[in-house]
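Peer 1: Numbering (this note's numbering), first residue to last: 8 to 115. The beta-carbon is built from N, C-alpha and C at its ideal position, and this holds for glycine as well.
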């Protein structure tokens, strides 16, 4: 039995939101299946994922990885709920503990 393959692109573009949206639209047009956002490029992954969700229609949109210590559980849940709505159910929330460097140096 063949294993289904998916093609993914990691975003956001460190140049900002507009280049990220344009790259996402290009990727969707080229047949990419997934768009993944990391919270480590200096551009907020969740906010940018929301903008991309509003400008795409087919690709799954996911986070890899949102640190659980930088937002409260209620904020993470409500943000994921809104992203689920904006994306028409295409959003996948990836959570993790992150790293000591990010938590101490970026968030104090």
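Please name the residue in 42, 33, 23 whose C-alpha comes closest to that of residue 14.
Peer 2: Numbered from 1 along the chain shown, position 7 holds the residue referred to as residue 14. Nearest option by C-alpha distance: 42.
Peer 1: Take residue 40 as the anchor and find which of 83, 17, 74 has the nearest alpha-carbon.
Peer 2: Within the chain shown, the letter at position 33 stands for residue 40. Considering only alpha carbons, the answer is 17.
Peer 1: Tell me the rounded alpha-carbon separation between residue 23 and residue 11.
Peer 2: The residue you call residue 23 lines up with position 16 of the chain shown. The residue you call residue 11 lines up with position 4 of the chain shown. In a straight line, the C-alpha of residue 23 is about 32 Å away from that of residue 11.
Peer 1: Confirm, please, whether the CB-CB distance from residue 28 to residue 52 is below 9 Å.
Peer 2: Working through the chain shown from its first residue, we reach residue 52 at position 45. Working through the chain shown from its first residue, we reach residue 28 at position 21. Taking 9 Å as the Cβ cut-off, residue 52 and residue 28 do not qualify as a contacting pair.
Peer 1: Would you kindly report the start and end of the unbroken alpha helix (DSSP H) that includes residue 100?
Peer 2: In the chain shown, counting from the first residue as 1, residue 100 sits at position 93. Run containing residue 100: none; DSSP gives neither H nor E here.
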